[in-house]
């Protein structure tokens, strides 16, 4: 009888064990997948509109744990990671779909592209660990930072919603951006997350990392050092009214026009007159050195324009060259009347956003411009946007294949501006940029250094933007966070005039001193105290060298793996 039982046990136990192992394996696969997707959702919640910034320090632990696990239970893990990244990206940039129904295509295209950075992060972290023998707590922040830099440059760059942007309320921490840029703040966040990951128990039979308490100690000391540096910089950079310092009294005008591609022309004119009225109210609180309007709000259904003689026809014009010249002169007269009427009402220098059409050599070059007007209505200077938005202001290859624009609500693409410009208001130098240009750190740094090299060291950064395309969504918060980082990186105050918000006055420390409402009208009257000789930051001189070093380290690991 005993022999029969033993024989029965021998025949049943292996099969039962296999079935149990398969069940556990399936459960582990589902748990891994749920964990990876959960990280995507939790990390999204760290960004606006929810803004639970602490999650940015904790949520990445899941992806880091997966990256540092030797044996994966998921089949085709990188494919699964890509779809996790797609979920994350769709949530992160959902506001792109709002301007027009066709923007849904741009939303998906951008998300499909951004999704690749999640599997790349995992692969790069593993490569740094196995090829260069870096500990996980160092490999993860190096990989993340290097890939953020790639994202900021590749395909014209997308530097919005960086991990560091979730920490915009922690002003002391942000101060290291004047050394290492926004990418450096992301490095610190992932360093802490990766260090916390080393303290968690491992369930995959891997030995615990050696010196597991070393990583949290190093990350804590790093965080403390960053915080102390930040507190010191905030104190030393407080503006003063010492002899030799200068002042700028600005009026930031914020209307509330929800912008549409096929908008009603009367609504546009009503918005123009509303901006004039708000500007008039700002003058009730003198002194005002300059009035600043948002992007495109001065156009009023008719762009400013210019032409180079001799005038020649262009595609779509059926008349003679002389008739075209006369028509252009008529339109210039209409614009001049609007400029004269406005400046007569306000009698104050203005910086305004407007479209500008330039007719030359049989073509029309359309610019998104920022124009500096004197109190008498004279055009003192003009800056043309140098970094148009893909799919928002131009379609790739649209210049050679104009039919592509028939697939969009745009009639044509914008021409690129060629150089930075300095607007002098009394003895203060302003460096203007337009719309999403202030989301591109290397662009503003290049403009800053160009002006500095020609003897126009900027005192104040200015952004004019029309965020009315996004209907008061979380894009407003994301855009404002970019302005905060640009102010810190270059150590200059930033003034933002934004249609529908957020207009803001941001100190050189990144502290938001004044902020307009969301999707509503308002007037901000910041008074800036400026030092006689402002110092340039380390970041303005060296740029993204820290992030570039991280990227080079990742590439070395890839190269070493390729050689093997």
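Residue numbers (our numbering): 2 to 565. Even glycine gets a Cβ: it sits at the ideal position worked out from N, Cα and C.
Asked	Found
Range covered by the alpha helix (DSSP H) that runs through residue 191	178-198
Rounded Cβ spacing between residue 416 and residue 366 (contact assumed at less than 8 Å)	4 Å
N- and C-terminal bounds of the alpha helix (DSSP H) containing residue 359	Per DSSP, residue 359 belongs to no alpha helix (DSSP H); it is in the beta strand (DSSP E), 351-361.
Assigned secondary structure, residue 467 (DSSP; H/G/I helix, E/B strand, else coil)	strand
Segment contact, 8 Å Cβ cut-off, at least three pairs: the segment 459-466 with the segment 433-446	yes
C-beta atoms of residue 527 and residue 502 nearer than 7 Å	no
Beta-carbon spacing of residue 295, residue 354 below 7 Å	yes
Coarse secondary structure for residue 95, derived from DSSP in three states	helix
Segment contact, 8 Å Cβ cut-off, at least three pairs: the segment 250-266 with the segment 491-505	yes
Whether residue 441 touches residue 160 by CB criterion (7 Å)	yes
Extent of the continuous beta strand (DSSP E) to which residue 530 belongs	528-531
Residue-chain proximity (residue 81, chain D), Cβ-Cβ < 7 Å	Note that chain D does not occur in the displayed structure, where there is just one protein chain.
Alpha-carbon to alpha-carbon, residue 194 and residue 430	42 Å
Span of the alpha helix (DSSP H), counted from its first residue to its last, around residue 104	104-115
Residues near residue 473 in its chain [Cβ-Cβ closer than 8 Å; skip 5 each side]	501, 502, 519 and 520
Residues near residue 90 in its chain [Cβ-Cβ closer than 6 Å; skip 5 each side]	112, 115 and 116
Which residues DSSP lists as bridging residue 119, in chain order	DSSP lists no partner for residue 119.
Distance between beta carbons of residue 552 and residue 147, contact taken as under 8 Å	4 Å
Contact belief for residue 293 with residue 252 at Cβ below 8 Å, rounded distance in angstroms	7 Å
Where residue 331 falls: helix, strand or coil (DSSP)	helix
Straight-line Cα distance separating residue 373 from residue 289	15 Å
Contacting residues, own chain, Cβ-Cβ under 7 Å from residue 118 (five flanking each side not counted)	86, 148 and 152
Reduced DSSP secondary structure (H/G/I, E/B, other) of residue 385	strand
Beta strand (DSSP E) segment containing residue 500, residue limits	495-500
Rounded separation between residue 125 and residue 186 - CA only	19 Å
N- and C-terminal bounds of the alpha helix (DSSP H) containing residue 1	What is shown of the chain runs 2 to 565, which leaves residue 1 out entirely.
Contact check, residue 509 vs residue 492, beta carbons under 7 Å	yes
Continuous beta strand (DSSP E) stretch holding residue 424: start and end	424-426
Residue interval of the alpha helix (DSSP H) (run including residue 450)	442-454
Pair within 7 Å by beta-carbon distance, residue 368 and residue 385	yes
Cβ neighbour criterion (16 or more within 10 Å) applied to residue 31	exposed
Cutoff 6 Å; reference residue 548; Cβ partners in own chain excluding five residues on either side	146, 150 and 184
Helix, strand or coil at residue 307 according to DSSP, with G and I counted as helix	strand
Bounding residues of the alpha helix (DSSP H) (the contiguous stretch that carries residue 154)	137-154
Closest by C-alpha distance to residue 280, when choosing among 489, 343 and 247	343
Exposure of residue 556, with buried meaning 16 or more beta-carbon neighbours within 10 Å	exposed
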